[in-house]
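Going by this note's numbering, the letters in the sequence shown line up with residues 14 to 86, in that order.
Even for Gly, the Cβ is constructed at its ideal location relative to N, Cα and C.
Since this is a predicted model, take the numbers as computed values, not measurements.
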Amino acid sequence: MVILLEDIHWADSSSLDLIQHLGQECPHIPLMVVANARPSLFERRAKWGSGWGNALSLELQPLSKEDSRALIA
Numbered sequence: 014m015v016i017l018l019e020d021i022h023w024a025d026s027s028s029l030d031l032i033q034h035l036g037q038e039c040p041h042i043p044l045m046v047v048a049n050a051r052p053s054l055f056e057r058r059a060k061w062g063s064g065w066g067n068a069l070s071l072e073l074q075p076l077s078k079e080d081s082r083a084l085i086a
């Protein structure tokens, strides 16, 4: 199962707790959680997503002006 979550920085605490529980406490379930969030999520919950078996976190940097123009074009 794949769960795709967008903008989880807007999620309430109960929802974040549920996702955290699935990631940490249910390793027998074939599950992939793909989520994106702004840094504000980690200001609220600095360790959210850590402690999961195969967790990977990617921090993206803002695009340069040149790259932004190329994307728009």
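Short of 7 Å in beta carbon distance, which residues of its chain neighbour residue i, apart from the five on each side in sequence? Order them along the chain.
i     : result
Leu76 : Leu84
Asp80 : none
Which residue wins for smallest C-alpha separation from residue i, given the options the options?
i     : options                       : result
Met45 : Asp20, Ala86, Phe55 and Leu69 : Leu69
Ile21 : Leu35, Arg51, Gln33 and His41 : Arg51
Asn67 : Ile16, Leu18, Gly36 and Ala24 : Gly36
Here's the rule: buried if 16 or more other CB atoms are within 10 angstroms of the residue's CB, otherwise exposed. What is residue i?
i     : result
Gly61 : According to the sequence provided, residue 61 is Trp. The question's Gly does not apply to it. Buried is the call here.
Leu54 : buried
Ala24 : buried
Leu73 : exposed
Leu29 : buried
Contact defined as beta carbons within less than 8 Å: I believe residue i pairs with residue j. What is the distance between those atoms, to the nearest angstrom?
i     : j     : result
Leu71 : Val47 : So it is not a contact: roughly 11 Å between Cβ atoms.
Excluding the five sequence neighbours on either side, which residues of its own chain have a C-beta within less than 8 Å of the C-beta of residue i, listed in chain order?
i     : result
Pro40 : Gly66
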